[in-house]
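Undergrad:
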Amino acid sequence: MTGPVSVPVELGERRYEILVGSGLLAEAGAHIGPLMRQKQAIIVTDETVAAHYLATLQAALQAAGIEHRSIVLAPGEQAKDFAHFQKLIEDLLDAGIERGTTLIGLGGGVIGDLTGFAAAVLLRGIDFVQVPTTLLAQVDSAVGGKTGINTRHGKNLVGAFHQPRMVLADIDALGTLSRREFLAGYAEVVKYGLIGDAGFFDWLEGHANAICEGDIAARQETVVTSCKAKAAIVAADERESGPRALLNLGHTFGHALEAAAGYGPDLLHGEAVAIGMVMAFDLSVRLGLCPADDAARVRRHILSVGLPVDVRTLEAAGLNAEALISHMGHDKKVRDGKVTFVLARGIGEAFISTDVETAAVEELLANALAA
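Add 1 to a position in the sequence shown, counting from 1, and you land on the number used in our numbering.
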């Protein structure tokens, strides 16, 4: 694979492109400029990302004649709350935004969610562009228009569906991630193979080392394949009324684990999803739906790259089955009081279920915590 690859997200008049390749940050102005209603942008980023990439993006906008300002936030999941969001909104209004202003989210999932939500509600909706700099954001959170913030009741419970005008995924940005941060994104990559593409999971088993060690071609193939999978699901079900919920494989367990861990640095989102996917396959085996060999294969691959696979690796205070079940009850995927789970009949054969007995989940969690 050479040169940038364009992956379309087909949503009628709101159709947009995901552009994946190397060196895209330095060309950002040329790609974003033609989409703008007026040549005015505000970059939203965090301190960590700004140190690496803000100057490059600013120079690219300058070269394209785009007037721009920047707002730099503190890094971390803790920024996704009402207090930080309110300050961001006030700062954007202080900057004198207009309905033709484009917001540019430069960073990982937190920045993308905050920027997208701000764009959704400011002046009743303005344009924004995603420039994801983490693997997790490039393959998942930057694509599909989900935006939002966390509350004490759970993750992403306040937000909006608001599609970007473009997603600009520069593969080179992945080179500055820590291995832990990169692997957190890799968990979301594995998800695409598990929900509906057994061949992609096979490919990952053979290429994981190259991907994790920095092979640019392998990384681009990984991001492109993942984005194609998500784009197809989003085009078919933009607002998660049906098959888009498959993208939540591992997330019902994962979000509960994140909440129990206080959304802090001890457990990254992708790490929680990795554990959650293993638990979803284990639950599927327990319910007689999935071959045990497939669950073992999932566990083996996730463990082989260095991701956590069980809850006993956590040190969250008060972690117990009852607390985790309670957190699941606040999940936004609850329907008629029933928790929605994504289960599997095998690798690449995921499905959605609201008929899982609480007792089966409690037993699984109790066993996992006691192991």
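Ideal Cβ placement from N, Cα and C applies to all residues, glycine included.
Remember, it's a predicted structure, so these values are computed and weren't measured experimentally.
1) Below 8 Å on the Cβ atoms is my guess for L248 versus G186; work out the distance and round it to an integer in Å.
2) Am I right that L234 and R245 are in contact with their C-beta atoms under 8 Å? What's the rounded C-beta distance?
3) Excluding the 5 residues flanking V141 on each side, which residues of the same chain have their C-beta closer than 6 Å to its C-beta?
4) Considering only residues of the same chain and omitting the five flanking positions on each side of A232, which have a CB-CB separation below 6 Å?
5) With DSSP as the reference, label M37 as helix, strand or coil.
6) Under the rule that 16 or more other beta-carbon atoms within 10 Å means buried, what is H154, buried or exposed?
7) Return helix, strand or coil for P133, following the three-state DSSP convention.
8) To the nearest angstrom, how far is it from the Cα of A293 to the Cα of Q41?
9) How many angstroms separate the CA atom of C213 from the CA atom of V312?
10) Does the Cβ of A31 have 16 or more other Cβ atoms within 10 Å, making it buried, or fewer, making it exposed?
11) Around the C-beta of S327, are 16 or more other C-beta atoms found within 10 angstroms, so that it is buried, or is it exposed?
12) Pull up the CB-CB distance for L169 and V111, whole angstroms please, since I reckon it's below 8 Å.
13) Where does A275 land, buried or exposed, given buried means 16+ other C-beta within 10 angstroms?
14) T359: buried (16+ other C-beta within 10 angstroms of its C-beta) or exposed?
15) At 3 residues or longer, and completely inside the region 87–155: list those beta strand (DSSP E) runs for me, N to C.
16) Can you give me the C-alpha to C-alpha distance between R298 and H53, rounded to a whole angstrom?
17) Run through the DSSP bridge pairs and tell me what M167 is partnered with.
18) Shortest alpha-carbon distance to G13 belongs to which of A143, D238, A96 and E182?
19) Look at E259 and A281 and say whether their C-beta atoms are less than 8 Å apart.
20) Please classify G186: does DSSP put it in a helix, a strand, or coil?
21) I need the DSSP call for P244, collapsed to helix, strand or coil.
22) Between L36, A27, L62 and R38, which lies nearest to I374 when the distance is taken from Cα to Cα?
23) I'd like to check one pair, A161 with F118: are the Cβ atoms closer than 8 Å?
24) On the DSSP bridge assignment, give the partners of P9 in chain order.
25) Relative to the alpha-carbon of G113, which residue among G101, F83, R100 and I150 has its alpha-carbon at the smallest distance?
26) Can you tell which of G109, A257, A143 and R181 has the C-alpha that lies nearest to the C-alpha of Q164?
27) Can you tell me where the alpha helix (DSSP H) with V274 in it begins and where it stops?
28) Is the beta carbon of L365 less than 8 Å from the beta carbon of R287?
29) Nearest to A262 by alpha carbon, out of A60, L26, L55 and N321?
30) Within a Cβ cutoff of 8 Å, which residues of the same chain sit near L370, ignoring the five residues on either side of it in sequence?
31) What is the DSSP secondary structure of H376, reduced to helix, strand or coil?
32) For the putative contact between L250 and V343, defined by C-beta atoms under 8 Å, what is the C-beta separation to the nearest angstrom?
33) According to DSSP, is N157 part of a helix, a strand, or is it coil?
34) Compare the C-alpha of R70 against each of M167, A51 and Q139 and name the closest.
35) Whole angstroms are fine: how far does the CA of C291 sit from the CA of D47?
TA: With the given structure in hand:
1) Going by Cβ atoms, the distance from L248 to G186 rounds to 14 Å, so no, they are not a contact pair.
2) The sequence given here places Ile at residue 234; Leu does not occur at that position. The pair is a contact, with the Cβ atoms about 5 Å apart (cut-off 8 Å).
3) Checking the sequence shown, residue 141 turns out to be Asp, not Val. Here the set comprises E189.
4) Contacts found: V8 and V10.
5) Taken through DSSP and simplified to helix, strand or coil, M37 comes out as coil.
6) Around the beta carbon of H154, fewer than 16 other beta carbons lie within 10 angstroms, which makes this residue exposed.
7) P133: strand per DSSP, three-state reduction.
8) C-alpha separation (whole angstroms): 55 Å.
9) Distance between the alpha carbons of C213 and V312 is about 24 Å.
10) Per the 10 Å Cβ criterion, exposed.
11) Answer is exposed; the Cβ neighbour count stays below 16.
12) Not quite, the Cβ-Cβ distance comes to about 18 Å (not below 8 Å), so this is no contact.
13) Counting of Cβ neighbours within 10 angstroms places A275 among the buried residues, the total reaching 16 or more.
14) With fewer than 16 other Cβ atoms from the protein chains shown falling within 10 Å of its own Cβ, T359 counts as exposed.
15) 103–108, 128–133 and 147–152, all fully within the region 87–155.
16) C-alpha separation (whole angstroms): 37 Å.
17) Paired residues: E18 and V130.
18) It is D238.
19) In this structure, the beta-carbon distance from E259 to A281 does not fall below 8 Å.
20) G186: helix per DSSP, three-state reduction.
21) Three-state result, P244: helix.
22) The requested residue 374 does not occur in the structure, where the chain is confined to residues 2 to 372.
23) Going by C-beta atoms, F118 is nearer than 8 Å to A161.
24) Note: P9 sits in a beta bridge opposite E18.
25) Taking the Cα of G113 as reference, the smallest distance to any Cα among G101, F83, R100 and I150 is reached at I150.
26) Cα-wise, what sits closest to Q164 is A143.
27) First-last of the alpha helix (DSSP H) with V274: H270 to R287.
28) Taking 8 Å as the cut-off, the Cβ atoms of L365 and R287 count as close.
29) Ranked by how close their Cα comes to the Cα of A262, the residues A60, L26, L55 and N321 have N321 in first place.
30) Taken in chain order, the residues that qualify are V312, R313, L320, N321 and A322.
31) Given that the chain is displayed from residue 2 to residue 372, the structure contains no residue 376 and the question cannot be resolved.
32) Correct: roughly 4 Å between the Cβ atoms.
33) Strand at N157.
34) Closest in C-alpha terms to R70, from the list M167, A51 and Q139, comes A51.
35) The straight-line gap from Cα to Cα measures roughly 42 Å.
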